[in-house]
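Asker:
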Amino acid sequence: GSLMNQHHSNFIHRRLNSRERREMQKEILSILGLSRRPRPLLSFKRSASAPVFMLDLYRTMASEETGRESFLSQADTIMSFVNGVEQTEDTFHHKTQWKEFKFDLTRIPRGEMVTAAEFRIYKTSNESFPGNLTLHVTVYQVLQEFHDRSVSKVLGRTLTLFDITATSNDWLMNPHYNLGLRLFVETEGGGSVDPGSAGLVGRRGPRTKRPFMVTFFRASQAPVRTIR
Amino acid sequence: AANRRKGRKKYGERPSCERLPGTFAGYNGREQTQVCKRHDLYVSFRELDWQDWIIAPEGYEAFYCDGDCSFPLGSHMNASNHAIVQALVHLMKPDAVPKPCCAPTKLSATSVLYFDDKYNVILKKYRNMVAKSCGCQ
């Protein structure tokens, strides 16, 4: 903070009058492609998992040398999506247990294409869960026909990440078929395990460890400024 | 100096890249003669009352280019070859050909991180957005 203040002291700094402030706000919103300022609820904390992860990406991006080609530097827009719906299958009626997640990709910037997407879910330790057990975590994209498409298996300790680039592209091309993801946890013997009891944090878990999806976009063409 | 003032008045009357409408009014005589260079303006998101939805940065370093591109174009003006020719032709035909523009010569990217209404977080990168250096073009 003190470094920032020192840096900013070299700049022209005077308080804007209300007209100047309105014009400045209008101009910046236009650059951001927004018709009005977003109004997120104050209760939504910046310490939540997605904002913290995105702030880390922002800092990495800001410290990157210009001209260095990397995965991150190629992205024009990166969006994190909160989990809209999470359903846990009733274990009483079904043998198989899973968690279902949904992400709304309809608000993506126009004219941008997906270069990568990740589904991030946190795993914590659960004291009541037996140790020394290898678990297989599998993620399926839910299709209308309920036919599984992409499967990833990951052995993770605290943070688990699934590459769902193809899935998010499908959702982008066919928003009607966005029926979410289904996550299964199984033992090596094929036995079904409740994802919650295995330590996978869901929508009702601690804010700092809730699952989310991150999508990287690249502008397919030069952005066009809104005509005013 | 008298001739320069006369010439300046003529340029104020027709569209030119030297002065954009609105930027001319606030200048005093001394500032008008300054050479083309980068100026700094800090836009604070705190002052705009946008802290609830813009996560980072705290403000925006909005550099802009301004100043005179008069003959002879010194090395400090970071002039392009075209600007030198433009300045010479302007000397020959001051009423027909405008002076070179004072414009960014090198631009860099900047990013902004913000919430939308649905609590999604958006990180937008704007390439070629921040003026790193200015020069006569």
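Here the protein sequences line up with chains A and B, keeping their order.
The opening residue of the first sequence carries number 15 in this note's numbering; numbering runs sequentially from there.
The opening residue of the second sequence carries number 65 in this note's numbering; numbering runs sequentially from there.
C-beta atoms are modelled at their ideal positions from N, C-alpha and C, and glycine is treated no differently.
Return the residue from the list T91/A, L86/A, I92/A and F115/A that minimises the CA-CA distance to G252/A.
Answerer: Here chain A comprises residues numbered 15 to 242, so residue 252/A is not present and cannot be evaluated.
Asker: Relative to chain B, which residues along the segment 64-78 of chain A have a C-beta separation below 7 Å, given in chain order?
Answerer: For the segment 64-78 of chain A, which is checked against every Cβ of chain B, the residues closer than 7 Å are A64, P65, M68, L69, L71, Y72, M75 and A76.
Asker: Using the C-alpha atoms, what's the distance from P189/A back to Q115/B?
Answerer: Roughly 32 Å separates the two Cα atoms.
Asker: Between which two residues does the alpha helix (DSSP H) containing K244/A stretch?
Answerer: No answer is possible for residue 244/A: it lies beyond the span of chain A, which begins at 15 and ends at 242.
Asker: When the Cα atoms are used, what is the spatial distance from Y72/A to A120/B?
Answerer: Taking the straight line from one Cα to the other gives about 8 Å.
Asker: Between M93/A, N140/A and D70/A, which has its C-alpha nearest M227/A's C-alpha?
Answerer: The shortest Cα separation from M227/A among M93/A, N140/A and D70/A belongs to M93/A.
Asker: Can you give me the start and stop residues for the beta strand (DSSP E) that H190/A sits inside?
Answerer: First-last for H190/A: undefined, no H or E at that position.
Asker: Are any of the Cβ atoms in chain A nearer than 8 Å to that of L187/B?
Answerer: True, the Cβ-Cβ gap to chain A drops below 8 Å.
Asker: My output table needs one value for S49/A: the three-state DSSP class, helix, strand or coil.
Answerer: Coil, per DSSP.
Asker: Please classify A195/B as buried or exposed, where buried requires at least 16 other C-beta atoms within 10 Å of its C-beta.
Answerer: Per the 10 Å Cβ criterion, buried.
Asker: Between S197/B and chain A, is the shortest Cβ-Cβ distance under 8 Å, so that the two count as touching?
Answerer: No, its Cβ sits nowhere closer than 8 Å to a Cβ of chain A.
Asker: Let me see if you follow: with CB-CB separation under 8 Å, is R94/B close to chain A or not?
Answerer: Here the model assigns R94/B a pLDDT of 42, short of 50, so the residue's position is not dependable, and the following value carries that caveat. Not an interface residue.
Asker: For the segment 200-216 of chain A and the segment 143-159 of chain A, state whether three or more C-beta atom pairs, one from each stretch, are separated by less than 8 Å.
Answerer: A contact exists between the segment 200-216 of chain A and the segment 143-159 of chain A.
Asker: Would Q150/B pass as a contact of P164/B if the rule is Cβ separation under 8 Å?
Answerer: For Q150/B and P164/B, yes; Cβs fall inside 8 Å.
Asker: I'd like to know if V96/A contacts chain C, where contact means its C-beta is closer than 8 Å to some C-beta of that chain.
Answerer: In summary, chain C is missing from the structure at hand, where the protein chains are A and B.
Asker: Which one or two residues does DSSP pair with I186/B in a beta bridge?
Answerer: Answer is M93/A and Y178/B.
Asker: Starting from the Cα of P136/B, find the closest Cα among K157/B, V99/B and I186/B and give me that residue.
Answerer: Looking at the Cα atoms, V99/B is the closest of the given residues.
Asker: Does D132/B come out as helix, strand or coil in the three-state DSSP assignment?
Answerer: Of the three classes helix, strand and coil, the one that applies to D132/B here is strand, per DSSP.
Asker: Over the uninterrupted beta strand (DSSP E) stretch that includes L149/A, give me the two end residues.
Answerer: Here the beta strand (DSSP E) through L149/A covers L149 to Q155.
Asker: For D181/B, which of W117/B, V107/B and S172/B has the nearest alpha-carbon?
Answerer: Nearest option by C-alpha distance: W117/B.
Asker: Grouping DSSP H, G and I as helix and E and B as strand, with all else coil, what is I148/B?
Answerer: DSSP places I148/B in helix when its eight states are reduced to three.
Asker: Name the chain A residues whose beta carbon is nearer than 9 Å to that of D180/B?
Answerer: Those are L48, P52, P54, M93 and R121, listed as they occur along chain A.
Asker: Near T174/A, what residues of its chain come up, given a Cβ to Cβ distance below 8 Å and the 5 sequence neighbours on each side ignored?
Answerer: Only R134, I135, Y136, K137, V151, V168 and L214 meet the Cβ criterion.
Asker: Please state the DSSP three-state secondary structure of T138/A.
Answerer: Of the three classes helix, strand and coil, the one that applies to T138/A here is coil, per DSSP.
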